[in-house]
Amino acid sequence: MGHSLLCMMGFFLLGTAVYGNAEVPIKPTVILQPPWTQIYRGERSTVRCEIHDEDIEWDYEWETNSHRKPPNQNEYRIISASSSYSGNYSCRGRMKSSQHNKTTEWSDSVRLAVSDNKPRPVLTVSPSWLSPGASVTLNCEVEHPSAGWSFYWYKAVPELKTYNYRSYNFDLLSDNPYSNRLPDGNTTAQDSYIIHEQTSTAGYVCRAGRGDPEYHTDYSEPNFVWSEDVHSAASLTVSPDRVQHFTSDSVSLTCEGNFTEWRVRKFSEDGRLYSSNCRTLTGSTCNINTSKSDTAVYWCESGSGEFSSAVNITVQDYHSGPILVSPVHPVTEGASVSLSCSLKRKKILSNVFFYHNDKLIQNDTRGELNISAVSKSDEGFYKCQFLGEESPHSWMSVKGEQDQRVSSSPQRISVGIAGGDDLDPF
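Convert by adding 19 to the 1-based position in the sequence shown; the result is the number in the numbering used here.
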C-alpha cells in the first residue's frame, strides 16, 4: 500500500510539471553577451533567454521597463545601443506543444544600463617628477575596469598651429622596446604601462577599447611627467630666479632652445592645464603679473613638438608673510648656495629661522642660510620664518656633478587632470 501511494504521488508530481498546472516549475536565466551590465551608445549587446530543458520546444516572452521590448524569440540582438535600451529584462518560456497554455516561471531580471555619454578615462602618471634612470608608470582608469577593456597609450605631441581644445597630436606608443606592450604593439590588457629611461618632460594620453567591432572610449586628458633638466634640447628660465614670488610681482618666463615658435604651459594646483596668461610676449619671453592662481608647474612647448624642462612657481599673498628665496633649478653637488627670506619690499637681514624638511636648522641672528658645498643630504623642502610668520615651503633639488639629469624629487602639486575645455591655446 505504501509503495503504491508513493508511485501515485510521483505520477501526480510529473503530471503537474508537464500537464497539470498552467505554470511549469522551470526557471529560465537571462544572459548578457558580452557579460557587461554597463555599455555605451553605439556598442553591441545580446540579451538571451536560456531554458535548460532540451526536450521541450519553447516560445519566448519578455518583460522589460526599457523603451525597446524584445521580440518573442530567445535572443535579442542590440546592434547599436542607446539609452532607450536601458532597463530590466526578464523572460519566460511557453510550451509550443502544450494545449493548456503552459509557461515556465519568470526569470530573475537582469539590468542593462546604456549611457549616451562616451566614457573618458583618467590617466595618472607616477612619479610626476623624473629621477635619473627611474621608470614612469602610466595608469588608465576607466569605468567598470574589469569589463573587457584593452588599453591604448599615446605620447602627446604639442601642436601650436591647430587651436583645438587639446592642441596636441597623439602618437601611438607602439615601438617602445622598453615597455610592457603586447606582441601586436598596440594595446595592453592591463590598465598600466611602464616606460623606462624617460629623461625629459613629456605628455601622455590613454584610451580604451573593447568588443568586436571594437568600441573606443574618448581620449583621456593629457597628463605629464616633468624634468628639471636644464641641459635638455629646450629649457625654461625664470626671472627673478627663485621659486617663490609675491602677488603682483613681475615675472618673466623665457623659453630657450633652437626653436622659433613657443608657448608656455602651466599645470595648476587644481589639476588643470592652461596656457600661461602672459601680460606681454617678447620673442620667446612671457611676462606675467603674478596672482595666487599662478602657483603651478610651468614649461615651454616648441612648434616642432619639443618639451622644455619644467619649473615650480609658488605665489604668496604679500599680506600673508615672507617668501623663501631659493633657486628654481637643481643645484650641483659641491656648489655653494644661499637661501634667504624676503618681505614684499625688502630682504630680511637678520633673525630668520630656517627649516629643512620641517626641522629647525638655523635660528640665530643671521638672515641667510649658506651652504658652502651642497650634498645630496641637503636636498629637500625648505622654508623660513620671521617674527612668527612662515613662508611656504619649496623643494631644492641636488644633482650629481656629472649627472645631466635631475635628481629625485617627490610630487609637489596634484597631478590629476580635471575635465573640461581648459586647454586654451597660447
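Think of the CB as a built atom: it goes at the ideal place given N, C-alpha and C, for glycine as much as any other residue.
In this text the structure is predicted, and so the values were computed from the model without any measurement.
From the options, residue whose alpha carbon lies closest to that of residue i
i	options	result
R113	E76, T333, Y104, S105	E76
F372	K365, K366, N120, T384	T384
K311	S327, T333, S328, S323	T333
P232	K46, E409, R63	R63
Y104	E240, W81, V133, I98	V133
A354	T266, A392, P241	A392
F278	T351, S295, D260, A252	A252
V262	G61, H412, H71, W81	H412
G106	V330, L51, D248	L51
G167	G340, T207, F326, E73	T207
S109	D248, I70, E320	I70
I213	D248, L142, H338, L272	L142
Secondary structure of residue i, DSSP reduced to three states
i	result
G290	coil
Y337	coil
Y38	Because the pLDDT at Y38 is just 42, under 50, the model does not fix this residue reliably, and the value given afterwards should be weighed accordingly. The answer is helix: DSSP assigns Y38 an H, G or I state.
Y238	coil
D190	strand
K311	helix
K395	helix
S369	strand
Rounded separation between residue i and residue j - CA only
i	j	result
V417	L192	32 Å
V270	W414	19 Å
D289	A221	20 Å
S461	S328	Outside the displayed span of the chain (20 to 445) sits residue 461, for which this structure offers no information.
A227	S145	20 Å
C360	N376	17 Å
S239	G302	32 Å
Y317	R282	11 Å
T309	C297	10 Å
D78	F170	41 Å
V155	N242	12 Å
D313	S287	7 Å
First and last residue of the uninterrupted beta strand (DSSP E) at residue i
i	result
F405	399–405
T83	77–83
H86	That residue, H86, is in no beta strand (DSSP E); it is neither H nor E in DSSP.
P177	169–177
I213	211–214
T218	Neither: T218 is in no beta strand (DSSP E) and is coded neither H nor E.
CB contact flag (residue i, residue j, <8 Å)
i	j	result
R96	T65	yes
L149	V224	no
L358	V344	yes
Y59	P138	yes
P140	G324	no
K402	F265	no
Q57	E160	no
E124	P44	yes
CB contact below 8 Å: residue i versus chain B
i	result
L191	In the displayed structure, chain B is absent; only one protein chain is listed.
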